[in-house]
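S.K.: Chains as they are written, first to last, in this note's numbering: chain A, 1 to 240; chain B, 241 to 480.
For each residue, glycine too, the CB sits at the ideal point set by N, CA and C.
2 protein chains.
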Amino acid sequence: MLDSIEIKQSIKRTRVHEQVTRILLRRIIRGKLQVGQKLSTERAMALEFGVNRTTVREALRYLENLDLITIRQGDGAYVKNYLESGNIQIVKAILQVDNSMRFQVITAIMEIRRINSPEMAYSAALKRSQSHLQRLENTALNRWGVSVIERDKKIHHLIGLASGNILHVLMTNFYEEFYDFFGHLYFENEKNKKRSEKFHKDIFFAIKKQNAQEAKKIMREILLYSEKALFSKIKCGADA
Amino acid sequence: MLDSIEIKQSIKRTRVHEQVTRILLRRIIRGKLQVGQKLSTERAMALEFGVNRTTVREALRYLENLDLITIRQGDGAYVKNYLESGNIQIVKAILQVDNSMRFQVITAIMEIRRINSPEMAYSAALKRSQSHLQRLENTALNRWGVSVIERDKKIHHLIGLASGNILHVLMTNFYEEFYDFFGHLYFENEKNKKRSEKFHKDIFFAIKKQNAQEAKKIMREILLYSEKALFSKIKCGADA
DNA sequence: GTCCGATAATTGGTTCAACCAATTTTGGAC
DNA sequence: GTCCAAAATTGGTTGAACCAATTATCGGAC
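#1: Do R128/A and A162/A count as a contact pair if the criterion is CB distance below 7 Å?
#2: Please list the terminal residues of the continuous beta strand (DSSP E) segment that includes R72/A.
#3: Specify the secondary structure class of K433/B as computed by DSSP and reduced to three states.
#4: What residues match up with G316/B in a beta bridge as DSSP calls it?
#5: If the cut is a Cβ gap below 9 Å, which residues of chain A does N413/B touch?
#6: Roughly how far, in whole angstroms, is the beta-carbon of Y318/B from the beta-carbon of T261/B, given that I think they are within contact range, below 8 Å?
#7: Within the 7 Å Cβ cut-off, does I71/A reach chain B?
#8: In whole angstroms, give me the CA-to-CA distance for H424/B and V148/A.
#9: What distance in whole Å lies between the Cβ atoms of L158/A and R135/A, which are believed to be in contact at a cut-off of 8 Å?
#10: State buried or exposed for L264/B, treating a residue as buried only when at least 16 other CB atoms are found within 10 Å of its CB.
#11: Is the separation between the beta-carbon of K449/B and that of Y362/B shorter than 7 Å?
#12: With 16 as the cutoff for other CB atoms within 10 Å, does H17/A come out buried or exposed?
#13: Could you give the distance in angstroms between the alpha-carbon of D67/A and the alpha-carbon of K38/A?
#14: Within the same chain, show all residues whose beta-carbon is closer than 8 Å to that of H156/A, passing over the 5 residues directly before and after it, in chain order.
#15: Using a 10 Å radius around the Cβ and a threshold of 16 neighbouring Cβ atoms, would you call S466/B buried or exposed?
#16: Compare the C-beta of N165/A with all C-beta atoms of chain B and state if any pair is closer than 7 Å.
#17: Can you give me, in chain order, the residues of the segment 114–125 of chain A that have a beta carbon less than 7 Å from any beta carbon in chain B?
#18: In angstroms with no decimal places, state the Cα-to-Cα distance between E377/B and A125/A.
#19: On the CB-based measure, 16 or more other CB atoms within 10 Å of its CB, does Q9/A come out buried or exposed?
#20: Give every residue of the same chain whose Cβ lies closer than 8 Å to the Cβ of G86/A, excluding the five residues on either side of it in the sequence, and list them in chain order.
#21: Report the partner residues of K38/A according to the DSSP bridge assignment.
#22: Answer yes or no: does any C-beta atom of chain A fall closer than 7 Å to that of V260/B?
#23: Quick check: the segment 87–98 of chain A against the segment 43–61 of chain A, are at least 3 beta-carbon pairs closer than 8 Å?
#24: Examine chain A for any beta-carbon lying closer than 7 Å to the beta-carbon of I352/B, and answer yes or no.
#25: Less than 6 Å between the CB of T295/B and some heavy atom of the ligand GTP, yes or no?
#26: Have a look at L323/B, K441/B, A284/B and flag the residue whose alpha-carbon is nearest the alpha-carbon of H168/A.
#27: Chain A partners of Y302/B, CB-CB under 8 Å?
#28: Quick one: what's got a C-beta closer than 7 Å to G400/B's C-beta in the same chain, skipping five residues either side?
#29: Express the C-alpha separation of Q274/B and I268/B in angstroms, rounding to a whole number.
#30: Could you please give the first and the last residue of the uninterrupted alpha helix (DSSP H) stretch that includes M360/B?
#31: Starting from R30/A, trace the alpha helix (DSSP H) in both directions and tell me its first and last residue.
#32: So, does the CB of L95/A fall closer than 7 Å to a CB anywhere in chain B?
#33: Give me the Cα-Cα distance between S371/B and T55/A, rounded to the nearest whole angstrom.
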């Protein structure tokens with residue numbers, strides 16, 4: 001009961017089937033297991049990795065849920081072409097096993113966010129309910145309590161809810177999964193922090209006024225700003 | 241070897257752990273299992289459903305992959321708030337267990353597509369390689385072979401590839417998972433078919449000319465058209 | 001020789017029983 | 001009441017066995 005969530009997450013022992021997942025994932029992403037190729041049998045993999053077949057099966061279940069493989073009883077498991085059938089979650093999986101694609105993936109994510117979030121803000125300004133507005137105000141104007149990064153997450157999330165489109169919410173969840181990868185790079189800078197706090201207020205008032213065009217513009221500008229700030233940071237980091 | 245893919249898919253016996261998944265999914269989506277609530281123990285569920293604990297575990301693994309539950313060794317499994325942490329794949333899961341949200345979900349998906357795909361076409365026109373252009377031409381201009389709906393899927397997919405953003409490709413995969421739900425309603429109409437075939441040619445030529453603005457406009461127009469066509473269809477279906 | 005069908009071998013799906021590892025609960029010492 | 005160690009609870013993993021679908025094999029009909 002006393003353990004903080006941070007400790008729980010950092011200490012948590014990696015489950016064996018997650019390690020197996022990682023190995024297979026790496027083989028697929030790196031191309032050691034090519035599209036259409038048949039995986040070893042469950043029994044053979046259990047032997048190879050020195051684990052139980054049940055454990056292998058849990059790993060295969062994960063890859064199947066990502067649409068990275070198909071499994072057919074009596075036959076075997078085959079690698080699918082993730083560009084044709086894979087679901088969006090695979091980019092996170094990719095990042096975890098292949099750091100070389102990191103920059104490309106992050107760029108792709110930010111581009112998608114730059115396309116979607118302004119429209120999300122637009123819809124939110126038009127459709128926001130009174131209760132969403134209230135929650136937005138509580139989060140945007142109260143400077144105490146949580147960190148800026150946490151407040152930023154919450155603002156985007158609330159705007160998603162206010163937009164009335166569940167996919168906007170889920171897309172926002174998706175972006176946030178990558179805050180761990182690059183969010184701190186942005187928010188550790190004091191100037192960026194200030195800029196985002198201004199954003200929180202501005203977008204709240206635009207949504208309050210139901211000025212959709214302005215909300216869209218404000219969202220667009222903060223995303224462009226943060227992208228620029230982030231990439232210059234990454235470039236500096238690479239030079240150092 | 242003789243069985244067609246259709247037969248394979250329709251006949252395929254539902255795996256037991258998938259049935260368990262379905263039950264638990266329904267309980268969560270319908271709110272019988274509320275956010276924060278603890279699920280029964282694996283052993284208890286195995287008893288309740290009359291299956292083995294291993295089978296229950298495979299179902300739980302699925303829900304965990306969807307970020308619908310968290311599992312903690314020594315403690316148990318808890319329902320998460322999917323609006324805060326769920327990944328995009330859950331909307332498909334929702335559709336499979338709760339038909340009442342069907343209209344809302346499809347509307348949400350089409351809105352997101354209307355936001356993204358025109359920008360995807362824009363990028364594709366700017367960045368398309370010669371090989372992507374070639375594949376696009378083969379698909380867009382050859383009227384023989386596959387059905388219009390299959391050609392349509394392929395066109396969108398190729399535009400995604402040409403855009404150079406892997407997320408555009410994966411988002412396109414995502415939309416396509418719902419063609420089964422509403423695609424046939426659109427493509428069974430001869431006039432709609434003709435309209436889409438025109439779209440295929442038009443967007444190809446725009447991308448060939450690298451006219452990004454035009455490609456974006458063409459994409460936007462076909463999406464608006466198809467949405468209108470689809471909703472009038474759904475409305476008629478509801479009246480009949 | 002080819003083709004067909006029965007049969008065997010292979011492989012994923014499920015079950016059972018046991019034990020390991022983390023967490024929670026219990027109950028006594030203070 | 002607090003604290004700590006033991007016990008109970010619960011998820012994680014293992015091993016072996018059997019079920020079910022697919023594939024490979026082999027013998028006979030032609």
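M.R.: So, to answer that:
#1: yes
#2: 69–72
#3: helix
#4: R312/B
#5: D67, Y82, L83, E84, S85, G86, N87, I88
#6: Incorrect: roughly 17 Å between the Cβ atoms, too far for contact.
#7: Chain B contact via Cβ: absent.
#8: 47 Å
#9: Taking 8 Å as the upper bound for CB-CB distance, R135/A and L158/A are in contact here, some 6 Å apart.
#10: buried
#11: no
#12: buried
#13: 15 Å
#14: S117, T172, Y175, E176
#15: buried
#16: yes
#17: I115, N116, E119
#18: 41 Å
#19: In this prediction, Q9/A has a pLDDT of 40, which is less than 50 and means its spatial position is unreliable; nothing more can be read from the coordinates.
#20: L66, D67, L68, K80
#21: K38/A is bridged by DSSP to Y78/A.
#22: no
#23: no
#24: yes
#25: As presented, the structure is devoid of all ligands, the ligand GTP included, so that no description of it is given.
#26: L323/B
#27: R61, N65
#28: M360, H408, V409, T412
#29: 7 Å
#30: 342–367
#31: Neither: R30/A is in no alpha helix (DSSP H) and is coded neither H nor E.
#32: Not closer than 7 Å to any Cβ of chain B, the Cβ of L95/A fails to qualify, so no.
#33: In a straight line, the C-alpha of S371/B is about 42 Å away from that of T55/A.
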